[in-house]
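First comes the structure, then the notes that go with it.
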Amino acid sequence: MGTAKIPALLWFLLAGLVLALAVNPAHGAKTRHYDFFITETNYTRLCHEKSILTVNGQFPGPTIYARKGDFIIVNVHNNGNKNITIHWHGVDQPRNPWSDGPEFITQCPIRPGGNFTYQVILFEEEGTLWWHAHSDFDRATVHGAIVIHPKRGTTFLFRKLDKEIPWWNDDVEHVLDKAKRIGGDVEPSDTNTINGQPGDMFPLCSRDDTFKVAVQQGNTYLLRIINAGLTNDMFFAIAGHRLTVVGIDARYTKPLTVDYIMIAPGQTMDVLLEAKRTLGSNSRYYMAARTFITLPLDTIPFNNSTATAIVEYTDSVTARPIGPPEFPVQLPAIKDENAAMAFVTQLRSLGNQEHPVHVPTHVDEHMLIDIDINVLPCDPTNMAEKCKEGPQGNRFAASLNNVSFQSPAIDVLDAYYYSSGHGVYEEDFPNKPTAFVDPPVNNGSGPLMTKRGTKVKVLEYGTVVEVVFHDLSSENHPMHLHGFAFYVVGRGNGTFDESKDPATYNLVDPPFQNTVSVPRSGWAAIRFRADNPGVWFMHCHFDRHVVWGMDTVFIVKDGKTPQAQMLPRPPNMPQC
């Protein structure tokens, strides 16, 4: 069975002086150099032209190509009009939190006119990852793919790529600033897109740019699918074809053949498409991406558009496109929670000799983390903060264990490195939910009041951690951990029962991920070994929830040997 190349990136939403750290690429690996120039660029979507923030004038941004174990140097030049940082999503960055990227967690932002050289250390990752801005809502347009091929001399069946992004008919910073000012929810995007295009179900001015993929009968294609969306899980399917998932978050899975996939924001999937149309059948098929949402449809604004692209068979004269494409009838409905759960619970790690499974069986630190949407009181002294759209005159917030994370004025990593954390953060993030003191708003039916804090969790090197995420908010949440991949050992509906539910865990071949979708009013359990010293952000990958405070930080202490200790601070770190 041959593997053909898709002749374009298929996306979902679905160098100057380098001061190198003491890092050597793996044997046989290469050092690769990239320059990223942050600029304002005019783009047209849905018949409107607007200025957006881009990298090198591209939307989506440039793809980084590398091999397993490579060392990547990216010099980011901020020629834009606002602060920026870049995160290398899913790259573990062993011992190197300095280049991880989240604003005010591991670095101060790169100011307009400034630059910073990121050093991206690939280790065990192989497959598809991505990079994106990690400041405000900038990742809506500042993002691109990372394609990691196997080490030279080894093989890997797959070759090209896929992606989707929400397109806003309003300035993204305006959307964020407005939400902060009025205390309400973030306005939904106008459309979903595939490879930056909404497809031909939208106004005529958009139809000519519909993304098309040319295929030939009998070939097998790799779709590298990235959900770069700010706020929505997505269902994805191709009419008349089944899909075979072979990787998630740059870690191999047992091949899983399905009619559709559900992919959460931040997640990546490597999916095989076999071009096997029935003789005499249609030669044009829609690939479609539709929002999956668990919130009440009649009370919460959301993007319910279906983005489309077209698969076209071009291998013979009789296969030339004629007539409208066929639509994927297998695409689940917008609130089909059973379809979403049925998909994610089938994922399994590959678990062969080259890619073994090492699930920790003994746990040192158990954490139960409640996820919730809350409120905070408006500041009556701030005239710009009207809170006219928040619940009962308050503003929306979010929390983990009733702590709504507040970013400090200097980054947590510098404060930890220089032992000056006092006054910057507190080392008492709770292992279990803390009690709510204030009653809910709206006469007992609304969200609970929470409290702000910069609370972190400190771990000894090598600690085995189990985190059970428990949703209280009636909404799915894609929880992402920087610096680690983790095993998703269990999940379920309803309240987690610590006396019964661990017996249902998969400790044999659970999927190895960096982002997990926690089901609405349910739970998901992850395990990881804290063997990467540094400061690592953990947060929901719905961006409005990050802004509202659904975050915390793990600080992993140095181990005893040099290879178990954090790398020195680079001398060119941006200043706050």
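Those letters in the sequence shown? Residues -28 to -1, 1 to 548, by mature numbering (1 follows the signal peptide of the UniProt record, and there is no 0). Glycine included, C-beta positions come from ideal geometry on N, C-alpha and C.
With a contact defined as Cβ atoms closer than 8 Å, glycine 52 and proline 84 qualify at about 6 Å. Taking a C-beta distance under 9 Å as the contact criterion, valine 347 and threonine 467 do not qualify as a contact pair. The alpha-carbon of isoleucine 382 is positioned some 31 Å away from that of threonine 240. Here aspartate 469 is exposed: its Cβ has fewer than 16 other Cβ atoms, across all protein chains shown, within 10 Å. Residues Gln188, Gln189 of the same chain have their beta carbon placed closer than 6 Å to that of aspartate 287, with the five preceding and five following residues left out of the count. Runs of the alpha helix (DSSP H) lying entirely within the region 294 to 360 and spanning at least 4 residues, in chain order: 309 to 316. Note on geometry: alpha-carbon atoms of lysine 472 and glutamate 75 lie some 40 Å from one another. For aspartate 515, the enclosing alpha helix (DSSP H) has its first and last residue at 515 to 520. Cβ contact annotation for leucine 444 (same chain, cutoff 7 Å, sequence separation greater than five): Asp342, Ile343, Asp344, in chain order. Listed as beta-bridge partners of glutamine 378 by DSSP are no residues whatsoever.
The three-state reading of DSSP puts glutamine 537 in coil, since its state is none of H, G, I, E or B. If you compare the alpha carbons of His213, Gly425, Ile220 with that of proline 300, the shortest gap goes to His213. In terms of CA proximity to lysine 532, Asp503 leads the group Gly494, Asp503, His513, Met206. Under the criterion of beta carbons closer than 8 Å, histidine 452 and threonine 487 qualify as touching, at roughly 4 Å. Under the DSSP assignment, alanine 387 falls in the alpha helix (DSSP H) whose first and last residues are 384 to 389. Taking the CA atoms as reference points, proline 419 sits about 51 Å from asparagine 254.
Looking at Leu267, Ala222, Asn373, Thr89, the one whose alpha-carbon comes closest to that of proline 491 is Leu267.
Judged by DSSP secondary structure, aspartate 242 falls within the beta strand (DSSP E) whose first and last residues are 240 to 246. In this structure, proline 237 sits away from phenylalanine 31, with a CB-CB distance that is not shorter than 9 Å. Approximately 12 Å separates the beta-carbon atoms of glycine 73 and threonine 89; this is outside 8 Å, ruling out the contact. In the DSSP assignment, phenylalanine 43 forms a beta bridge with Thr3, Ile93. Cysteine 512 counts as buried, since at least 16 other C-beta atoms from the protein chains shown sit within 10 angstroms of its C-beta. The Cβ neighbour count for histidine 330, taken over all protein chains shown within 10 Å, is under 16; the residue is labelled exposed.
By the criterion of a C-beta distance shorter than 8 Å, glutamine 378 is surrounded in its chain by Arg424, Gly425, Thr426, Gly521, once the five residues flanking it on both sides are discounted. Look at alanine 211 here: in three-state DSSP terms it is coil, with no helix or strand label. The region 311 to 329 and the region 382 to 397 do not touch, with fewer than 3 CB-CB distances between them shorter than 8 Å. Taking 9 Å as the cut-off, the Cβ atoms of isoleucine 527 and valine 430 count as close. Within 10 angstroms of the beta-carbon of lysine 40 lie 16 or more other beta-carbons, which makes it buried.
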